[in-house]
Structure formats: structure tokens, C-alpha cells
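In what follows, a structure is listed as C-alpha cells, so that the remarks can point back to it.
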Ligand SMILES: Nc1ncnc2c1ncn2[C@@H]1O[C@H](COP(=O)(O)OP(=O)(O)O)[C@@H](O)[C@H]1O
Ligand SMILES: [Mg+2]
């Protein structure tokens, strides 16, 4: 079965994913700090921008000006950095809890005023979106069941709007990479970690799931260069 996919432009990864990340679906990238989660998500957005899609990067952590400063000059991003829509999402606990649908409207409109109107309609079609990271939001909410409820609502919204979404989840180094808190909500989950090989640590990624695709399940080592992630 061939699934509709949104490719990253990283050939081996796209092949392993059956063409790319799920179109109009939710994906999750999980891993410890510095492993390359932000980079992979940016490569995927850059590929979308190169294809003329509207793509959105939302940071809940590092200010987007800094993300652009570090990654915007890298060759894979340079030509399309201006085409990506960059947003900072600064959330106060009271923006989320106690949760109401009204608050969801307000928050999305506040963060993405030119894209999302007061009623949560999109002013332009959005093809690809990244939230970097969901862990910040989880920690702000504090309560696990409340986080799951809010995450489920957001995910329904992105799916309804047919936005291909990558959610990023941070885990502590050494923490079991079992796919993260959000793994059950997603159609694709990718783990990124440092694995030991010949007494050295190297970066590797593993596709934990990708609905509809008979994907490999082994660790695939990768490198980070000026060109971004290469497998
Ligand atoms: N030009 C570069 N060449 C090689 N490695 C780089 C370059 N730029 C960044 N890196 C590596 O990429 C890592 C950052 O990846 P990033 O995607 O921000 O990690 P994460 O989002 O998982 O915390 C840095 O730790 C650094 O080692
Ligand atoms: Mg990051």
C-alpha cells in the first residue's frame, strides 16, 4: 500500500518511511538534547518550502531568531529560510489551564495571528508544521492527564486542517527511548539517540512506527554536516 507522504529530502530516510512523513498526519521525533531533532525538522520544512508549500516552525524553547542564526546559513536552509514562517510560542500556564476551547482559540490566534483567525480558521493553507518542542508544553501543564487531553485536541485540529505535523519531544540523556509520552497519538514515530558502536558513540535514528509502511526497525547511524543530516 502506498501512503501519501511528505518527504524530507533525506533520501534513505524517505525510502525507509515509505516516501516520507505522513501527509496530513502527525509524526513524533523523540530524543535527547543535541542529537539533531531540530535539524531534522528544519530539513523537512526546507524541503516543503522548496516544493512551494506553506511551512511553519513554532519554537516553545530557543527564540526563533537564534534558531535562524545557527541554522539559517547552512546550505540546505539558506535558499528557503525566508520562505519558512517562524513563530515563537511563549505560553503562560493560564493560557492552557484550566483548559477551555476558548483558550485554545485565543492561544493559536495569539501565536499565529496572520495564519489563524479568532475562530481557528486558517487564512492560508498550511502544508507542514513543526512544534519544537511539546515537552515544554507538557512541563508547563504539569498534569499528565490534562496534557494528554490538550494534546489530543490540538492533534485533532491539525489533522482536521490537513497539516502534516512533526511534534518534537525531548528526553533526558540515558532515559529509555521508548517513543515518548506522545507516541500513541502519532502515525509515525522516530527515535534519535546516541548509540555505542566500536567503543564510540554515534548518532543514530530508528523508525519506531510508520502506519501503512513495512519499514525497517533497526538503528540507522547518521552524521551531521553543513548539509544537515545524512544517513
Ligand atoms: N555545521 C555543523 N556541522 C556539524 N555539526 C553541527 C553543525 N551545526 C550543528 N551541528 C550539530 O548539531 C547538533 C544540534 O542539533 P539539534 O537539531 O539542534 O539538536 P536537538 O534539537 O536534538 O537538541 C549540535 O549539537 C551540533 O553537534
Ligand atoms: Mg532542538
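Numbering (the numbering used here), first residue to last: 834 to 1064.
By construction, the Cβ of each residue, glycine as well, lies at the ideal position given by its N, Cα and C atoms.
- The shortest C-alpha to C-alpha distance from residue 862 to any of 923, 1063 and 1014 is the one to 1014.
- Proximity of the beta carbon of residue 1012 to ligand 1 is not indicated: no heavy atom of the ligand is located closer than 7 Å.
- A distance criterion of 7 Å places the beta-carbon of residue 866 in contact range of ligand 1, judged by its closest non-hydrogen atom.
- Counting only residues of its own chain and dropping the five nearest sequence neighbours on each side, residue 879 has a CB closer than 6 Å to the CB of 909, 910 and 913.
- Listed as beta-bridge partners of residue 1043 by DSSP are 1021.
- Annotation for residue 1007 indicates a beta carbon at 7 Å or more from all heavy atoms of ligand 1.
- When rounded, the separation of the alpha-carbon atoms in residue 1060 and residue 1006 is 25 Å.
- Residue 1056: member of the beta strand (DSSP E) spanning 1056-1058, first to last residue.
- Under the 10 Å beta carbon count, residue 963 is surrounded by 16 or more other beta carbons and is classified as buried.
- Within the model, the alpha-carbon separation for residue 1010 versus residue 1026 is close to 8 Å.
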